[in-house]
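What follows is one structure encoded as C-alpha cells, with my remarks underneath.
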Amino acid sequence: MMASMMSVVNPGDKVVIFSPFYENYGADTILSGAQPIYVPLVPPAFDFDAELLEDAFRQGAKALILCNPSNPCGKVFTYDELKIIADLAIKYDAYVITDEVYEHIVYAPNKHIYMASLPGMRERTIVCNSLSKTYSITGWRLGYVIANPQVIDRVKKVHDFLTVGAAAPLMEAAVTGLKFGDDYYEGLAAHYTHMKELFCGGLKNLGFTFTEPQGAYYVLMDVSEFGVKDDVKFCEWMTEHVGVAAVPGSSFFREDVHNLIRFHFAKKDETLNAALDNLATLRAKADGFKE
Ligand SMILES: Cc1ncc(COP(=O)(O)O)c(C=O)c1O
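The UniProt record's numbering applies: residue 1 is where the sequence shown begins, and numbers increase by one.
In C-alpha cells, the structure reads:
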C-alpha cells in the first residue's frame, strides 16, 4: 500500500478515504506528504453520499482508497456503488487504490466485485492485496500489487528502496497456497460463514444492536444503551470486568463516533461461545462502568 501510494501521490496531493477506515490509510497518506479527505460511510448501513464523494474529488483528489470488503464495518460495495466511484475517478482523472485482502471472506448473498473489472477502471486501479487473510498467515506480511505497467515500474522501484523485498523462504512457501483450487476458497468462505453465524447469532440472541458484516470478520456493535461517551474506557472496562476485548470504534472513524466497538470473530467455536457467555453478563455488570 505504501509503495503504491508513494508511486502515484506527490507531496501536496489529496487522497479520498472512506471513514471508518483501516487506520493505515490515513498514516500512509500523510507519510506520502498528501492530505486525506474523509468521506463518511454512515452507520448502521454504511452508505455514502454520492454528492459528498464528488465534492471530495472536486477538491483535486489524486486517488481514492477503497477497502472492499471493509475493515472495520464489513461493507461489501455493490456494483452500483463501485460504478459511482469509478465514474468519478474517470471524470476527475484519479486512481483507485484498492485493498481487497478480504476478497474471499464474503457472506452470501453478497458478492465481491473487483473495481478493476469495471469499464475503464483496469488502467486506473491499483490493487493491493495480501496473503494474510486468504491463507491464514497473518504476520508473514506477504502481499502483491496489480496495476498498469507504468505504475508497476514505479511501485517496484519504491518497494525496493522501502523494504528491498519480502523474505524469500516465505515467498516460496506462499506459492503452495497460490496453487490451491476453487474448493479451498469455497471452504474458507464456509468456515468464516460458520463463525459469523455463531457469533452474530449469539449477539442477536442477547439482544445487542450491531451491523451484521457482509464480508471480512469484524462486527461493529452499538453500545449507546450503556450511555458510553468514551469508547476507549468502555473497552478497557469490558476487558477487565466482562472478559471480552474489543477495539474502540473511534480509532477507525474520522467523525466523532464513540458509541461503536469492534469485535473480531476469527476464533475457535469454544472461544466464541465463551465470549458470548461472558457478554451475557454485560448488561448486569454495566452499572459498574463509570467514565
Ligand atoms: C484492510 C486490511 N488491509 C491490510 C491488512 C494487513 O495486511 P498484511 O498482513 O499483509 O500486512 C489488514 C490486517 O488487519 C487489513 O485489515
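Beta carbons are placed, not taken as given, at the ideal position from N, Cα and C, and that holds for glycine.
For A174, which residues from the same chain have a beta carbon less than 8 Å from its beta carbon, with the 5 sequence-adjacent residues on both sides left out?
L131, Y135, I137, W140 and L142
Residues near A167 by beta carbon distance below 6 Å, same chain, minus five either side:
none
G12 beta carbon less than 8 Å from that of G33
yes
Anything with a beta carbon under 6 Å from a heavy atom of ligand 1 counts; list them all in chain order.
Y22, C67, N71, D99, V101, S130, S132, T138, R141 and G143
Taking all protein chains shown into account, decide if P36 is buried (16 or more other Cβ within 10 angstroms of its Cβ) or exposed.
buried
Would the region 218-232 count as touching the region 247-262 if we require 3 or more Cβ pairs under 8 Å?
yes
Compare the Cα-Cα distances from D93 to each of E54, N259 and F46 and report the closest residue.
E54
Limits of the alpha helix (DSSP H) - the one that R58 falls within
A50 to R58
Cross-strand partners of V219 (DSSP beta bridge):
F263
Quick check on the DSSP output: what are the complete beta strand (DSSP E) runs of length 3 or more inside the region 43-112, in order along the chain?
61-67 and 95-99
Does the separation of the CB atoms of C128 and S4 fall below 8 Å?
yes
Residue-level contact to chain D via CB, V158, 8 Å cutoff
Protein chain content of the structure displayed is limited to a single chain, and chain D is not contained in it.
Taking just the CA atoms, how far does G202 sit from Y217?
15 Å
Could you work out which residue in S117, F21, F48 and D28 is closest to S7 when comparing CA atoms only?
D28
Looking at C-alpha atoms only, which residue of A275, D269 and V257 is the closest neighbour of M238?
A275
Among Q150, Y144, E172 and T78, which has the Cα closest to the Cα of M115?
T78
Measure the alpha-carbon distance for P213 versus K267 and round it to whole angstroms.
16 Å
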